[in-house]
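Novice: The structure follows.
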Amino acid sequence: MGSVVHGAQETTSGALSRFISLLALDPELQARLRAELREARIRKGSDDDFDFRELENLPLLDAVCRETLRLFTPVTFVWRQTMRDTVVPLQFPIFDPTTGTQLRSMLITKGTPVYLGLAAANRSREIWGPDASEFKPERWMGKDGHELITNEGARLPGLYSNIGMRFAIHEIKLVLAVLLDSYSFARSDKDIDWKLYITLTPYARGESKPQVPVKVTLLSADFGSSHRDKD
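The numbering used here puts the first residue of the sequence shown at 1108, with every later residue one more than the last.
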């Protein structure tokens, strides 16, 4: 459990930073998310935090989380090393340059280092269609997007299939639900540069420490007005 809680804090905080920066650019999306949260709050009948099942039943919040993680994955690639000779099936056949034959599988011998480009896969037009580079949460609100990540060919042990992934997504949803319940976000006059270290990390242009500058407005209880702004 310690590995789950502490090991993913950098990726989760990076993902939340990206969420906030995207929401700051899209007031309409913020309003739609707040409407969904308001309806869920009415059904719940209390001000207690949403539990796991209640957060899972918020389709727009779920779609926004998944689309942001797809398009702006905090970890752009991972490294693995084969423990034994492995034949890997290929979803998209390739051609052997020496023989000119089409290959539908590839032998990877024991001890071979393998780099997996997650950012490239997440933006692949062959997988996601011609709009792969567009931010479209609606793609997850049908069955197609979920079919892609639940298909056995899309699984990556240790990243997509483990308990840490579900924990991180639940944590992100819970934090966003709390923030959107009380605050609205707008773009700051400072530009943000995303620098690649172990994860993608946000920096205000010209600053030396990670940060996501946005304008934050405290909302009234009924979401209808605001009474304080803060950068």
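Just so you know, even glycine gets a beta-carbon here, dropped at the ideal spot from N, CA and C.
#1: Which value, in whole angstroms, describes the spacing of the CA atoms of G1260 and V1194?
#2: What whole-angstrom Cβ distance do Q1137 and L1144 have, given they're in contact under 8 Å?
#3: Using the Cα positions of E1163 and D1169, report the straight-line distance between them to the nearest angstrom.
#4: When you compare only the Cα positions, how much space is there between A1311 and D1133?
#5: Would T1324 and P1317 qualify as a contact pair, given that the criterion is a beta-carbon distance under 8 Å?
#6: List the endpoints of the continuous alpha helix (DSSP H) containing Q1137.
#7: Can you have a look at G1249 and say buried or exposed, based on whether 16 or more other CB atoms are within 10 angstroms of its CB?
#8: Would you report the Cα separation of L1176 and V1319, rounded to the nearest angstrom?
#9: Excluding the 5 residues flanking V1285 on each side, which residues of the same chain have their C-beta closer than 8 Å to its C-beta?
#10: Just to check my reading of the structure: V1221 and T1306 have Cβ atoms closer than 8 Å, yes? What is that Cβ distance to the nearest angstrom?
#11: Are T1118 and E1278 close, meaning C-beta to C-beta below 8 Å?
#12: How far does the beta strand (DSSP E) with V1221 in it reach, from first residue to last?
#13: Tell me which same chain residues have a C-beta within less than 7 Å of the C-beta of R1160, skipping the five on either side of it?
#14: Return the CA-CA distance between R1150 and S1128, expressed in angstroms with no decimal places.
Specialist: Looking at the coordinates:
#1: Bear in mind that the predicted position of G1260 carries a pLDDT of just 45, short of 50, making it unreliable; the figure below should be weighed with that in mind. G1260 and V1194 have their C-alpha atoms roughly 13 Å apart.
#2: Wrong, their Cβ atoms sit about 10 Å apart, outside the cutoff.
#3: Rounded to the nearest whole angstrom, the CA to CA distance from E1163 to D1169 is 7 Å.
#4: Spanning the alpha carbons of A1311 and D1133 requires a straight line of approximately 19 Å.
#5: Taking 8 Å as the Cβ cut-off, T1324 and P1317 do not qualify as a contacting pair.
#6: Note, Q1137: alpha helix (DSSP H), P1134 to K1151.
#7: With fewer than 16 Cβ atoms within 10 Å of its Cβ, G1249 is classed as exposed.
#8: Near 17 Å, if we compare the C-alpha coordinates of V1319 and L1176.
#9: Here the set comprises D1156.
#10: Rounded, the Cβ-Cβ distance is 20 Å, inconsistent with contact.
#11: Result no, Cβ atoms of T1118 and E1278 do not sit closer than 8 Å.
#12: P1220 to G1224 is the extent of the beta strand (DSSP E) around V1221.
#13: Result list for R1160: empty, nothing under 7 Å.
#14: About 29 Å.
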